[in-house]
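Chains as they are written, first to last, in my numbering: chain A, 779 to 1305; chain B, 5 to 467.
Don't be surprised by glycine CBs; every beta carbon is placed ideally from N, CA and C.
Step one of this worksheet: look at the structure below.
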């Protein structure tokens, strides 16, 4: 075979490619294919479905509101559509492709059995308002899932409807607000440690609370004395994350809960990191009143490029009567019940010894049923023994990473004891103006998704690494080798990192330009 | 334990590297009172794939599958045919198992899809900008009200009584802490929505008026006059749509002057799923409002080599930057449902969507005419798209629906289920028809309805 340069062949057109390594006529690079926008390849008259042609003489009852102007949509035939989206998918990194060490976000293997079960027609093709007699199996799924959540957390009731973690936070805080109002106690302040997720203060503010920060100790934990000193009759709740976002367990949580309760407030626990302790610690035993559970993080429902999530909220007995419907609760005989609107008042009278005082409805319908089936499938697969092993392996993997890299990377809390499911590093020792972002982009060239960067805010140039339980030792060792070499380059001030990634579908994207003149919709080019 | 790759040798090697003698050493910070030693009692041990599958199938088989019976339920969730390739695409691991596209260089697939999705939604709604989706239609509705209060700096929202009652309840729940809502308790039982009554409620303190199109009874009406009335008082018009397929046949809310258009995108690609996950759609007619919008936005830009690419943008409105000053606390979208919607919409295209809408409307007209012929049944609507209300002349619709279910027909949604406290709606039945409905299904519903009404078993409803 003659190589192109030997034959004297030269590209006939300008190709925007600064690296000069691969020059092609199409802009494609072997299996890395450029894909135009849908609107550049589709047509208004093209369709990929077979439908009856419109019968213009058919009677219409549209009140004279027929849509006459073009909508501005284009279609593709089925083969074109499958190819368009398949090509787009290849521009993406996913957990199916490789290691995704995102701290605080938990990207673990997504078992396909979960997907298969969620697609059973008995779950996927059922309407939320079907008569109750025709959806008994779906209600049993909710009940069984609730059973697991209550047993694993040691709590009394669970609100099923929140659509995502942040929605669950709002649910928990509104339960607290309703419980306080029910006793005529108008409190105004929610205390949030500075290492909290940004959703925590945003949630408290949305429920009309004033947010005050609680500092962290030099060891990366909530400052117990500062917290105790701030408690008082104006504090409605403390929002705390355990394990926290520095990857550490809060050993004082029981003491914090006792102090908050004594001051008449409630404890909200951000359950985002429940995967680190599932089967080993029950938040109920630590005095927590409300905690949301991100089903995708702990129970492996897929992230889907950013949602959907699901955020059931487990609650203490004190908060149970205030939660949104539908919900599930455990009665004294140990049975878990799914309570819907119709039975709510009677159930509350029988089991809470009073009226149901739900703060209201959070969403239409029952919540994220498709996520419930996936999470339950995962729980049944692992069982009580497997879920405990999940937490242990996740914690083992994270500590292995921490101890394998603490000699080269700044690890601010390495002396605070073992980390939980995630290890935290900072960019303090980097040279040559290099930052965490440069190391993250270098990680892309090594074939890994970058770790979580610049979070938590309490650590300069934070890098939060969470291996999860589904990574093998070989993968983790390979990651450690790559991370170490990137860290060494960053500390040495290797400026080539500033141009990374070199081997991704796109080089660094100009985010400033995107925000300055937002272009959020395709417009036809002017003729 | 098929999901756990570490071997016992790995575990002991790793513990040695860490300098721990056992796994318990890594949990030393957990106070003794909270430590669990053995597996939690009352929960089963791990199970094989086959065993789990058997258990889940047993549960699934207890439900009546919508596609197995004549099916007429709507009220905010619709059963449409989803082309096979939609599920093929969303099950690709690179879409299914990807994270939020915060590292745009390796997330162009998700980002380009979102940019295309935003364009499809904005054009469908007749708007300048759509976001990358919210949780569902009902939460999007609340977010629209919250946004209207930010834009107008007024606190009061006026809700139409013919807005889906669940949506109305979500808004009222959220607004009890932040604003002031005036809501009609129920829609007027008449052929056309009461636009004059709604208009009369708008005053100088009104941030927005929220109206559903088509409304909860399936009625459609021109909203232009309502838009003008709202604008005259400095208020925004929020239009809620729960059936996007309708917008392939009827004018877009944007065309009629809506300022914010929100809705449920479940109809396209997503499926019924017993209520979720669904797909919240959110768009604004005027691009100047974009910085007050909640949720994620994907924008076009270039990379270091000048190639076109996409990023999440305008995130300075969001909780991870603004914390307690953010425009909302929402931290995710319905990315995978947005993908399903977008693929379905791409397969339809403009031509397919119009044909799909026309077929839905045609069959709904057939059903309305046939049901109106059943003695004791009358059609409420003057106009509708694919959903309409019939009155059952003295019969409680809830019980009629139960009897129909016993006869193997899922015959619609009793409006009494959605408005439990409103007596005059107890005999109203909301019937939805889509392209999946056959003319035989319609005949079955009509004849069973006739048989049930004739029977003495169904009590007269309280008048």
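Original post:
Just how far apart, CA to CA, sit residue 1156 (chain A) and residue 887 (chain A)?
Top reply: 11 Å
**OP:** List the residues of chain A that residue 430 (chain B) touches, going by C-beta distances under 7 Å, in chain order.
**Re:** By Cβ distance, chain A contributes nothing, its closest Cβ being about 14 Å from residue 430 (chain B), past 7 Å.
Original post:
Which residues mark the beginning and the end of the alpha helix (DSSP H) in which residue 236 (chain B) is found?
Top reply: 228-236
Original post:
By Cβ distance below 8 Å, which residues in the same chain neighbour residue 468 (chain B) in space, the five residues on each side in sequence not counted?
Top reply: Residue 468 (chain B) lies beyond the stretch modelled for chain B, which goes from 5 to 467, so this question has no answer here.
Original post:
Can at least three beta-carbon pairs, one atom from the stretch 1074-1088 of chain A and one from the stretch 1219-1230 of chain A, be found at a separation below 8 Å?
Top reply: no
Subject >> For residue 304 (chain B), three-class secondary structure by DSSP >> reply: Residue state for residue 304 (chain B) is assigned as strand, using DSSP reduced to three classes.
Original post:
Within 7 Å (strictly less), CB to CB, does residue 86 (chain B) reach chain A?
Top reply: no
Original post:
What residues in its chain sit with their C-beta under 6 Å from that of residue 142 (chain B), if we drop five residues either side in the sequence?
Top reply: 170, 171 and 174
Subject >> Residues sharing a beta bridge with residue 1093 (chain A), DSSP >> reply: A:935 and A:1068
Subject >> Close-in-space but distant-in-sequence residues of the same chain around residue 202 (chain B) (CB under 6 Å, 5 per side omitted) >> reply: 164
**OP:** Closer than 7 Å, Cβ to Cβ, to anything on chain B: give me those residues from the stretch 1067-1090 of chain A, in chain order.
**Re:** 1080, 1081, 1082, 1083, 1084, 1085, 1086 and 1087
**OP:** Answer yes or no: does any C-beta atom of chain A fall closer than 7 Å to that of residue 337 (chain B)?
**Re:** The C-beta of residue 337 (chain B) comes closer than 7 Å to at least one C-beta of chain A.
**OP:** Report the neighbours of residue 1101 (chain A) on chain B: residues whose CB is nearer than 9 Å to its CB, in chain order.
**Re:** Neighbours of residue 1101 (chain A) on chain B: none; closest Cβ ~12 Å, over 9 Å.
Subject >> Residues that DSSP places opposite residue 189 (chain B) in a beta bridge >> reply: Note: residue 189 (chain B) sits in no beta bridge, so no partner.
Subject >> Which of helix, strand or coil DSSP assigns to residue 842 (chain A) >> reply: coil
**OP:** Give a yes or no on whether 7 Å exceeds the smallest Cβ distance from residue 149 (chain B) to chain A.
**Re:** no
**OP:** Say whether chain A places a C-beta atom closer than 7 Å to the C-beta of residue 448 (chain B).
**Re:** no
Original post:
What in chain C is Cβ-close to residue 888 (chain A), meaning under 9 Å?
Top reply: Protein chains A and B are contained in the structure displayed, whereas chain C is not.
Original post:
Say the cut is 6 Å; is the CB of residue 1304 (chain A) nearer than that to a heavy atom of the ligand NAD?
Top reply: Of the ligands one can find in the structure shown there are none, so the ligand NAD has no counterpart to examine.
Original post:
Under a three-way DSSP split, which group does residue 92 (chain B) fall into?
Top reply: Residue 92 (chain B) falls in the helix class under three-state DSSP.
Subject >> Buried/exposed call for residue 879 (chain A), threshold 16 Cβ in 10 Å >> reply: The C-beta of residue 879 (chain A) has 16 or more other C-beta atoms within 10 Å across all chains shown, which makes the residue buried.
Original post:
If the cut is a Cβ gap below 8 Å, which residues of chain A does residue 112 (chain B) touch?
Top reply: Per Cβ cutoff of 8 Å: 866, 869, 870, 1283 and 1284.
Subject >> Touching by the beta-carbon criterion (3+ pairs, under 8 Å), the stretch 801-816 of chain A and the stretch 218-228 of chain B >> reply: Not touching, per the Cβ criterion.
Original post:
According to the Cβ coordinates, are residue 824 (chain A) and residue 353 (chain B) closer than 7 Å?
Top reply: yes
Original post:
Out of A:1054, A:1260 and A:1131, which has the shortest C-alpha to C-alpha gap to residue 1197 (chain A)?
Top reply: A:1054
Original post:
So, does the CB of residue 1190 (chain A) fall closer than 7 Å to a CB anywhere in chain B?
Top reply: Chain B, which has no Cβ nearer than 7 Å to the Cβ of residue 1190 (chain A), makes this no.
Original post:
Hey, quick one: how far does the alpha helix (DSSP H) through residue 452 (chain B) stretch, first residue to last?
Top reply: 443-458
Original post:
What is the rounded straight-line gap between the Cα of residue 24 (chain B) and the Cα of residue 1282 (chain A)?
Top reply: CA-CA distance, residue 24 (chain B) to residue 1282 (chain A), rounds to 39 Å.
Subject >> Listed by chain order, chain B residues near residue 1186 (chain A) by CB distance under 8 Å >> reply: The premise fails here: residue 1186 (chain A) is roughly 15 Å from chain B at the closest Cβ pair, so nothing lies under 8 Å.
Original post:
Per DSSP, what kind of secondary structure is residue 421 (chain B) in: helix, strand or coil?
Top reply: helix
Subject >> Integer-rounded CB distance, given that residue 81 (chain B) should sit under 8 Å from residue 279 (chain B) >> reply: 7 Å
Subject >> beta strand (DSSP E) segment containing residue 224 (chain B), residue limits >> reply: Careful: residue 224 (chain B) lies outside any beta strand (DSSP E) and carries neither H nor E.
**OP:** Spell out whether any CB of chain B is found under 7 Å from the CB atom of residue 954 (chain A).
**Re:** no
**OP:** Answer with yes or no whether the minimum CB distance from residue 122 (chain B) to chain A is below 7 Å.
**Re:** yes
**OP:** Please classify residue 336 (chain B): is it buried, with 16 or more other beta-carbons within 10 angstroms of its beta-carbon, or exposed?
**Re:** buried
Original post:
Considering only C-alpha positions, which residue in the set B:74, B:86 and B:193 is nearest to residue 426 (chain B)?
Top reply: B:193
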